[in-house]
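**Q**
Residue numbers (my numbering), protein chains in the order written: chain A, 322 to 684; chain B, 740 to 1037; chain C, 58 to 442.
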């Protein structure tokens, strides 16, 4: 047990941070000591944390750049919201339906990740990045022209318009093209979000420490060396990519069951969002899971906290983003900080394995 | 006949992508970074021309020169402040993210200065459209002056850039920096100055591209540059990023594919089709049409 | 060195949480003013609509305050950005709740409005959307609309084209990635079957490819369309008109309220828009006294010509004023009491606004007003009699 504790000290700290944050926030919320804004932000925060952690699997552990992560989130969000809308009167037990929805989002996003990963993971660096971006945009575009309705004859599909569904008068349109899915049951809450974060962390942290994880990181650090010692490159790349996609799907489920109007806009599922998730990962430290969590929280809260600035809000946000990047990544700033740290007493900490290399496929 | 019209429309859209992609690919080839803010430099260039020509009623040529000068200065400044400190960073992703920050910054500055209302850009091109095969009762084919100018500009820029890179000392220095940054420095090449020069040229090209983009499609907003910027990035990758003729070919092809898929397959799904073609091309030729093959070394 | 970053991040996030805690502490105490909140996109691609609503409402509130307020109570106003994102819109709603909002004007766009309505119904917050036109916006009893619903516009346009025999072959160019546009198109297409014209081409574009419209126009021409219906916003419409002119097409164009503002595009060659017809509740060039006063005041205050969004928001504030006066409501009522009172009052009032005379509401939240058909003549909107 003691050995287990020392070996997993770092992971336990990560879980601990999440749980403590939950306990503090939850007790504050129950005591009505937090603003409505903060209370409302809890579920989105959980979704973004999961997204950041899941993208870190691709970018940090596998070492490949993906600009289509929001696409997988979109798949998870739409498949699960579709399921929930379809079965809302059939499965009346809320938690059961939501659990199934989460599984569906996880599986569908993972499957799409697997299918996309198979052909594209042969590509490298910026070329892989642009192909993932392309897939993300394709997913968004297809969902925007998808119409699905239900009446007594069963389901109707169309990619033209709602009229082409040829439904009966009493039929209900479930996916309405650009208008997306309206009225998904609001099943997400803060506690479920935290549980999902913990499950995500459990999957990812265990992956890193496992034999598979070491193989994946070997591929990241040197493909040729890894291949020469018999690591199956395709298999491990696909494994990491699919897990990353499936977890993004879970974040999508959380997102879609928190908001009653689910649309695939450039804002929430386009490349802008994919890039935003990448910003979380890079700012938090590539490969650093705890860093991803913190930066996802900070960067999601930042624009909300700047609301008082009115029209200057997004301007200040952009400046802060640039400044933070320079501060945390520029070699000169790092030297400066190292010198400052040298003056402080050390509260020693080992590097996690995942932090070992901060290289990525973009070199 | 309608196929020919679509083709010509595709070429005129593609020529706009091509001219933006030239700037993209230039910067990528030398600085090895995706400058996501390129599209927004384009937008700033358009606003400069708009302000000078339409608001202050000064001559068009003055607006064009001012736009090129200001965009060049802007490009150099952005590189010096936001990108240079990160050039030696441990991950090249750092500078990508900063570029995104710069892109947001430029959009929001433009929003605050010029407002969100759409402005109608007056074309800087003053050439009558060329009519082909026109007869009575038959509209024939129309090639607009903007298309002619954009394509000629593309070709001129492409030739000049190639000559510049291959024949001048500064161009050779760029090639050296792009080949091996460290070795170039050891050979006495001023790497900082060379990269600054690259950004200066790239941003001047952005200004030119902006004027031609807005002359063909005259609706100007603070977000005008971002989507064409991404499309041009796709075009640059399509043609083989880093390759100057590749950007031209990639841009033209992208425009043609976009128009033809809209015309013959589905106008709703044209974005998906464009991206699908891109994916297929990259799977067959993993470094784009004219890209160099990267050999993995042990 | 990572340690410093991390420590910094922790300090920063803690500071942010504390900052957010400090300003609130549950419901703020009720004061002697009506607090009206607004939500819409003031940054991002749809900023033009959000800013128009923000300014339009601001103008109305300043006027009312200067004239002594509503029933003697002043109005406080706070407008929050949602970046055209449903999730951010809900965040904005929550931020406004923390500020102590009594009444909501918003959200500006349909998708955001649906998301906010799902939250506001829990508080029974009275919500009046100036421009969220989807039917789902008003699904809850606490939400009312100033603008027409999308189906209303689609059916109205089809009926107008049919009744006035404007054309027998019609093409449609719409934005399939936009709720407003695809919503109107769907109803227009459905109603067209009952009308004496035929839709010969229905061509879409998306928010990712909205610069080049040559294909859509060419298809309309190839199919012999005489009239092109444009259920879209004016930015794209201005491009379509320019491209149609340069390619030498001679269509009639017909649009909805989204087209209003096309003459206000700075530097736009208005001769291109000559003969364009639009079904809109508001036109900045209308000659009635009320509109002229509004346009003048707006131009003085914000330096640009107001569009229909600004007018909708201006009306929204005056509608709220009328409802409060009818209900005799006071600022010290709770949000939910105020909601009940105003919801009842809304069905009883009749308001003459910029966007319609004698506007009335039913319990479902939809407005009842007559659309005006306008035609652009000599660079001005003029009413078709």
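Just so you know, even glycine gets a beta-carbon here, dropped at the ideal spot from N, CA and C.
May I ask you to list, following chain order, the residues of the stretch 530-560 of chain A that have a beta carbon less than 9 Å from some beta carbon of chain E?
**A** Absent from the structure: chain E. Protein chains present are A, B and C.
**Q** Please say whether residue 943 of chain B and residue 852 of chain B have beta carbons closer to each other than 8 Å?
**A** Taking the C-beta atoms as reference points, residue 943 of chain B is found no nearer than 8 Å to residue 852 of chain B.
**Q** Between which two residues does the beta strand (DSSP E) holding residue 594 of chain A run?
**A** No beta strand (DSSP E) contains residue 594 of chain A, which is instead part of the alpha helix (DSSP H) from 592-605.
**Q** Quick one: what does DSSP say residue 470 of chain A is sitting in, helix, strand or coil?
**A** strand
**Q** For residue 752 of chain B, count neighbouring C-beta atoms within 10 Å of its own C-beta (all shown protein chains included) and say buried if the count is 16 or more, exposed if not.
**A** The C-beta of residue 752 of chain B has 16 or more other C-beta atoms within 10 Å across all chains shown, which makes the residue buried.
**Q** Evaluate residue 352 of chain A with the Cβ neighbour count: other Cβ atoms within 10 Å of its Cβ, from every protein chain shown; 16 or more gives buried, anything less gives exposed.
**A** exposed
**Q** How would you label residue 981 of chain B, buried or exposed, when you count the other beta carbons within 10 angstroms and need 16 or more for buried?
**A** Buried, by the Cβ-count rule.
**Q** Note down, in chain order, every chain B residue with its Cβ under 7 Å from the Cβ of residue 588 of chain A.
**A** Here the premise fails: no neighbours, minimum Cβ distance about 12 Å.
**Q** For residue 143 of chain C, decide whether its Cβ has a neighbour in chain A, counting only Cβ atoms nearer than 8 Å.
**A** Chain A contact via Cβ: present.
**Q** Return the residue from the list B:931, B:916, B:847 that minimises the CA-CA distance to residue 634 of chain A.
**A** B:847
**Q** Measure the Cβ-Cβ separation of residue 225 of chain C and residue 466 of chain A and say whether it is below 8 Å.
**A** no
**Q** Where do the ends of the beta strand (DSSP E) carrying residue 839 of chain B lie?
**A** In the DSSP annotation of this structure, residue 839 of chain B is not part of any beta strand (DSSP E); the continuous alpha helix (DSSP H) holding it starts and ends at 832-853.
**Q** Hey, would you say residue 416 of chain C sits closer than 8 Å to residue 425 of chain C, going by beta carbons?
**A** yes
**Q** Just list the residues that DSSP pairs residue 870 of chain B with in beta bridges.
**A** DSSP lists B:881 as partners of residue 870 of chain B.
**Q** Assuming contact is defined by CB atoms lying nearer than 8 Å, are residue 160 of chain C and residue 134 of chain C in contact in what I supplied?
**A** no
**Q** Taking all protein chains shown into account, decide if residue 831 of chain B is buried (16 or more other Cβ within 10 angstroms of its Cβ) or exposed.
**A** buried
**Q** Check the Cβ-Cβ distances between residue 84 of chain C and every residue of chain B, and say whether any is below 8 Å.
**A** With a pLDDT of 45 at residue 84 of chain C, under the threshold of 50, the predicted position of this residue should be treated as unreliable, though the coordinate-derived value follows. It does not: the Cβ of residue 84 of chain C has no partner Cβ on chain B nearer than 8 Å.
**Q** For residue 234 of chain C, which of helix, strand or coil comes out of DSSP?
**A** Looking at residue 234 of chain C - three-state DSSP - the assignment turns out to be coil, as it is neither helix nor strand.
**Q** Excluding the 5 residues flanking residue 680 of chain B on each side, which residues of the same chain have their C-beta closer than 8 Å to its C-beta?
**A** Lying outside 740 to 1037, the shown extent of chain B, residue 680 of chain B is not represented and no answer is given.
**Q** Rounded to the nearest angstrom, what separates residue 244 of chain C and residue 388 of chain C at their Cα positions?
**A** 41 Å
**Q** Name, please, each residue of chain A whose Cβ falls closer than 7 Å to the Cβ of residue 827 of chain B.
**A** What residue 827 of chain B touches in chain A: 652.
**Q** Across which residues does DSSP place residue 228 of chain C in a beta bridge pair?
**A** C:258, C:285
**Q** In the structure shown, what three-state DSSP assignment does residue 334 of chain C receive?
**A** If DSSP states are grouped into helix, strand and coil, residue 334 of chain C belongs with the strands.
**Q** Alpha carbon to alpha carbon, how far is residue 619 of chain A from residue 889 of chain B?
**A** 45 Å
**Q** Please determine, among B:785, B:986, B:754, the residue with the shortest C-alpha to C-alpha distance to residue 953 of chain B.
**A** B:785
**Q** Would you kindly work out how many angstroms separate the C-alpha atoms of residue 333 of chain C and residue 221 of chain C, rounded to a whole number?
**A** 15 Å
**Q** Measure the C-alpha to C-alpha separation of residue 407 of chain C and residue 286 of chain C and round it to an integer number of angstroms.
**A** 32 Å
**Q** For chain B, find out if any of its Cβ atoms is closer than 8 Å to the Cβ of residue 439 of chain A; answer yes or no.
**A** Not one chain B Cβ lies under 8 Å of residue 439 of chain A.
**Q** Does the stretch 392-407 of chain C come into contact with the stretch 177-192 of chain C, if we say contact requires no fewer than three beta-carbon pairs (one atom in each stretch) closer than 8 Å?
**A** Counting C-beta pairs with one atom in each stretch, the stretch 392-407 of chain C and the stretch 177-192 of chain C have three or more that are closer than 8 Å, which means they touch.
**Q** Checking contacts by CB at 8 Å: is residue 754 of chain B closer than that to chain C?
**A** no
**Q** Whose C-alpha, out of C:121, C:439, C:113, is nearest the C-alpha of residue 357 of chain C?
**A** The candidate whose alpha carbon is nearest that of residue 357 of chain C is C:113.
**Q** Tell me which same chain residues have a C-beta within less than 6 Å of the C-beta of residue 772 of chain B, skipping the five on either side of it?
**A** 834
**Q** Quick one: which residues of the stretch 154-176 of chain C get their C-beta closer than 8 Å to a C-beta of chain B? List them in chain order.
**A** none
**Q** Taking C-beta pairs closer than 7 Å, name the residues in chain B that residue 632 of chain A reaches, listed in chain order.
**A** 851
**Q** Give the single residue among A:476, A:346, A:354, A:370 whose Cα lies nearest to the Cα of residue 616 of chain A.
**A** A:370
**Q** Report the CB separation of residue 457 of chain A from residue 472 of chain A in whole angstroms; it is logged as a contact under 8 Å.
**A** Rounded, the Cβ-Cβ distance is 33 Å, inconsistent with contact.
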